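In our numbering, the protein residues as written are 2 to 124. We put the CB at the ideal spot given by N, CA and C, even for glycine. Note that the coordinates shown come from a computational prediction; the quantities given were computed from them, not determined experimentally. Okay, so here's the structure we're looking at.
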Amino acid sequence: MIVNYKELIKKVKETAVSKPLSGEMAGHAAGEPFDKHVYKIIKNQLPKYTFRQYEYLNDLYSKNPETITIAERQNLFDSPSVLFLLSRGKEATKKWTLDNPFDEKQDDTADIIVVKDGFYENN
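Here you go:
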């Protein structure tokens, strides 16, 4: 386990999250502030290992700039399961460059990724 969940729970309980700007207290609008809050806490604990999905992909691809084909980029993933969960579509992957990185998408599979020594935690 990478994340100290006992410490995370303690920190979350000691804090508050503002009501969403939209005023909606259901669905994505209600969950988003909690997601961002938990991400910030984990990122503070493990800054080198904590990513949003798009951040992870941008980091992975930018560290491998010579890897440009879809097959080469898919081979950067250690596991077919991780590839399935984290990769974007073929067209988006083909168009990725340092000047055209991924942005956050609401339908990203993983909201928070903690990866260390080839071990992934998805929160």
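Would you identify the three-state DSSP class for residue i, choosing helix, strand or coil?
i           : result
residue 123 : strand
residue 103 : coil
residue 52  : strand
residue 68  : coil
residue 16  : coil
With a threshold of 7 Å on Cβ separation, who are the neighbours of residue i within its own chain once the five nearest residues in sequence on each side are excluded?
i           : result
residue 125 : Outside the displayed range of the chain (2 to 124) lies residue 125, so it cannot be described from this structure.
residue 44  : 51
Residues in the same chain with beta-carbon distance under 8 Å from residue i, minus the five sequence neighbours each way, listed in chain order, please.
i           : result
residue 122 : 2, 3, 4, 114, 115 and 116
Give me the Cβ distance between residue i and residue j, rounded to the nearest whole Å; I'm assuming they're in contact under 8 Å.
i           : j          : result
residue 109 : residue 46 : Residue 109 to residue 46, Cβ: 21 Å. No contact.
residue 42  : residue 91 : Between residue 91 and residue 42 the Cβ distance is about 35 Å, and since that is not below 8 Å, they are no contact.
Would a C-beta distance cut-off of 8 Å place residue i and residue j closer than the cut-off?
i          : j          : result
residue 77 : residue 87 : no
residue 71 : residue 98 : no
Could you pull out every residue in the same chain whose Cβ sits closer than 6 Å to the Cβ of residue i, ignoring the five residues on either side in sequence?
i          : result
residue 74 : 68 and 94
So, is residue i buried or exposed, given that buried needs 16 or more other C-beta atoms within 10 angstroms?
i           : result
residue 85  : exposed
residue 57  : buried
residue 103 : buried
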